[in-house]
């Protein structure tokens, strides 16, 4: 299908418009004369063009421009270029930027329910998170919650289950976590505090230096794909799993609600479609790249892969249950989000126990033979 037919099929303009601009015309190709164009800024919580989490917003901007025929163009800024990493939420809410990209658990101080839309410890995995948002009522709750902050949210990236992090010493018992200074965001950090560790919240770009200088003893970032990019294998010896703290984290696209409501319905549809496409693309990217990076970490860099001891996992789960119960207590919106999340989990987990989980166990047995 040629470009005219393709864009016409999307309803992007008349045949005359699709013919584009002449050499002397000062206009945007694909945009009808007199039609409003949009030049938006997106601030993010990630280093500029950082693999996966940082390149996802760039891909989103590219898709929106192409699908809109140039009517909307989005310039993406890395953390610190316009606003610091953890001020993305406020910048978009206040209209200082039209869009943002980050992770909802960074905004826990704004509302206790925000972490549920990225990840909670021992909670839904990536497949389940996506299903809860799209089919289990999660998006409606998310919209309602963020409306109070003048924001419209979409999922726009997924890393899959993360790793438990990098440590400079082995974790053999729960006592080994006591006093440990670890970079870990969200509710995972509060859970670590409950078992005696000292959690620290740092933007990604600062984690390597903090660990290299001894300001922290351990760091949880994402997984092999991103971790090897930061070079953690050069400064830490032990790499722990499972990623109890972030079993299926989603990344979020934030849009200033006033700006969103002022958009033509066609552009709203393009934005939503691009966000969903990038959500899947980023998940696919992590699935493939994590596998390759883990192999490199073990075979080339001799990283020692370790599983957290069972008693440590049990203690973390108990602390997690207490943290979540206290988090939502007394807040009607947070309690409603928690109830919806748990109701979906109660339906999904039993099926996955005899489907995905059972298959993984069988596959592991056959691969070992």
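Residue numbers (my numbering): -2 to 366.
Heads up, the beta-carbon is just placed ideally off N, CA and C, and yes, glycines get one too.
For the beta strand (DSSP E) containing residue i, name the first residue and the last one.
| i | result |
| --- | --- |
| residue 195 | 195 to 197 |
| residue 69 | 69 to 74 |
| residue 151 | 148 to 155 |
| residue 179 | 178 to 180 |
| residue 162 | 162 to 164 |
Should residue i be labelled buried (16 or more other beta-carbon atoms within 10 Å of its own) or exposed?
| i | result |
| --- | --- |
| residue 347 | exposed |
| residue 85 | buried |
| residue 131 | exposed |
| residue 355 | exposed |
| residue 368 | Residue coverage of the chain in this structure runs from -2 to 366, which leaves residue 368 outside it and unanswerable. |
| residue 230 | buried |
| residue 122 | buried |
| residue 268 | buried |
| residue 242 | buried |
| residue 362 | exposed |
| residue 54 | buried |
| residue 48 | buried |
| residue -2 | Its pLDDT being 41, under 50, residue -2 is placed unreliably in this model, and the coordinates cannot settle the point. |
| residue 169 | exposed |
When DSSP labels each residue in this structure, what does residue i get in the three-state scheme?
| i | result |
| --- | --- |
| residue 38 | strand |
| residue 96 | strand |
| residue 252 | strand |
| residue 301 | strand |
| residue 205 | helix |
| residue 247 | strand |
| residue 215 | strand |
| residue 47 | coil |
| residue 20 | The predicted position of residue 20 is uncertain, since its pLDDT is 40 and thus under 50; a value taken from the coordinates is nonetheless stated next. If DSSP states are grouped into helix, strand and coil, residue 20 belongs with coil. |
| residue 358 | helix |
| residue 316 | helix |
| residue 172 | helix |
| residue 257 | helix |
| residue 78 | coil |
| residue 158 | coil |
| residue 210 | coil |
Taking 8 Å as the cut-off, decide whether the C-beta atoms of residue i and residue j are in contact.
| i | j | result |
| --- | --- | --- |
| residue 197 | residue 236 | no |
| residue 76 | residue 41 | yes |
| residue 252 | residue 149 | yes |
| residue 177 | residue 215 | yes |
| residue 138 | residue 334 | yes |
| residue 69 | residue 37 | yes |
| residue 167 | residue 303 | yes |
| residue 58 | residue 73 | yes |
| residue 97 | residue 39 | yes |
| residue 240 | residue 160 | yes |
| residue 83 | residue 103 | yes |
| residue 316 | residue 191 | yes |
| residue 129 | residue 338 | yes |
| residue 305 | residue 117 | no |
| residue 313 | residue 188 | yes |
| residue 271 | residue 60 | yes |
| residue 105 | residue 278 | no |
| residue 233 | residue 163 | yes |
| residue 367 | residue 94 | Since the first and last residues shown for the chain are -2 and 366, residue 367 lies out of range. |
| residue 109 | residue 325 | yes |
Would you mind reading off the limits of the alpha helix (DSSP H) that contains residue i?
| i | result |
| --- | --- |
| residue 368 | Here the chain has residues from -2 to 366 only, and residue 368 is not among them. |
| residue 103 | Neither: residue 103 is in no alpha helix (DSSP H) and is coded neither H nor E. |
| residue 225 | 221 to 227 |
| residue 339 | 329 to 351 |
| residue 130 | 123 to 132 |
| residue 85 | 85 to 90 |
| residue 191 | 183 to 191 |
| residue 52 | 52 to 64 |
| residue 135 | 135 to 144 |
| residue 233 | Careful: residue 233 lies outside any alpha helix (DSSP H) and carries neither H nor E. |
Determine, for residue i, whether the minimum Cβ-Cβ distance to residues of chain D falls below 8 Å.
| i | result |
| --- | --- |
| residue 116 | Among the protein chains of the structure shown there is no chain D, as only one such chain exists. |
Query - Inter-stretch contact (C-beta, 8 Å, three-pair minimum) for the region 53 to 66 and the region 224 to 232 - result: no
Query raised in the report: Should the region 148 to 157 be called in touch with the region 240 to 247, which here means at least 3 C-beta pairs below 8 Å?
Result: yes
Query raised in the report: Per the contact definition of three or more C-beta pairs closer than 8 Å, is the region 283 to 295 in contact with the region 175 to 184?
Result: no
Query raised in the report: If we count Cβ pairs, one from each stretch, closer than 8 Å, do we get three or more for the region 137 to 151 versus the region 254 to 268?
Result: yes
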